[in-house]
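Heads up: take any position in the sequence shown, counting from 1, add 16, and you land on the numbering used here.
Input: a single structure, listed below in structure tokens.
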Amino acid sequence: MLDVFASMPDVTFIWKYEDESSNIAESLPNVHLSSWVPQVELLEDDRLSLFLTHGGLASTNEVAFMGKPAIVAPILGDQMRNSRMLARHGGALVFDKSDINNPEKLKDAFVEVLNNPSYAKNAKRLSQMLRSQPIPAQELLLKHAEFAARSFNRIDRYPLAHRSQKLKTELKSQ
17 MLDVFASMPD
27 VTFIWKYEDE
37 SSNIAESLPN
47 VHLSSWVPQV
57 ELLEDDRLSL
67 FLTHGGLAST
77 NEVAFMGKPA
87 IVAPILGDQM
97 RNSRMLARHG
107 GALVFDKSDI
117 NNPEKLKDAF
127 VEVLNNPSYA
137 KNAKRLSQML
147 RSQPIPAQEL
157 LLKHAEFAAR
167 SFNRIDRYPL
177 AHRSQKLKTE
187 LKSQ
């Protein structure tokens, strides 16, 4: 990665790196290491042009909602599905994790997303779609929870009832 960062001196990289005291990037003025980065605030910043992520659910939702183009290098679990969703909407490039140490391929991915305006345009469009849903996700969740709570003490009809005897007991006592 450092070779890629060095080859792109006009791009500032903020790298979440566990050891802030490391001197791994001390010769690269365009690289800033931090053991913790306030991800939502970073994604809200208009200066952010690209986000590199593994595609976990939280970062996928945040990237989509904030409308930022991304390179997604899925590692396991739901990350492949999440990365494909972002790519299907045109705001992300899926990067093979086995190529993460290949400087040429990694730089090509950065250059592609940074220089092709369709990624930013499509990421913004996805954000607008999410922000203008007819029923916001939080409101929809609350409506379903309220419906389940009012279901005439028939919580046993819901698939999760067998896992939560405590919830069933609490609802009957109300």
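Just so you know, even glycine gets a beta-carbon here, dropped at the ideal spot from N, CA and C.
Based on Cα-Cα distance, which residue from the options lies nearest to residue i?
i      : options                          : result
PRO85  : VAL27, ASP112, ASP94 and GLY106  : GLY106
GLY72  : VAL129, ALA89, ALA22 and GLU155  : ALA89
ALA136 : SER43, ALA164, THR76 and LEU64   : LEU64
ALA22  : LYS113, HIS70, SER43 and ASN39   : SER43
ASP112 : MET101, LEU102, MET96 and ARG104 : MET96
Please work out which residues of its chain come closer than 7 Å, Cβ to Cβ, to residue i, disregarding the five sequence neighbours upstream and downstream, and give them in chain order.
i      : result
SER143 : ALA80, PHE81, MET82 and GLY83
GLU36  : LEU49, SER50 and SER51
PRO45  : none
PRO25  : ASN46
LEU138 : Correcting the residue identity first, residue 138 is Asn in this sequence and not Leu. Closer than 7 Å at Cβ, skipping near neighbours: HIS105, GLY106 and GLY107.
LEU146 : ALA80 and PHE81
Identify, in the order they occur along the chain, each residue of the same chain with its Cβ nearer than 6 Å to the Cβ of residue i, setting aside the five sequence neighbours on each side.
i     : result
THR28 : ASN46
ASP19 : PRO119
Short check: CB of residue i to CB of residue j, under 8 Å?
i      : j      : result
LEU109 : VAL127 : no
LEU102 : GLU78  : no
HIS70  : ILE40  : no
LYS231 : VAL53  : Residue 231 is absent from the model: the chain starts at 17 and stops at 190.
- request: Could you tell me whether the stretch 148 to 164 touches the stretch 117 to 124, using the rule of 3 or more Cβ pairs below 8 Å?
  value: no
Inside the stretch 110 to 173 only - beta strand (DSSP E) runs reaching at least 3 residues: none
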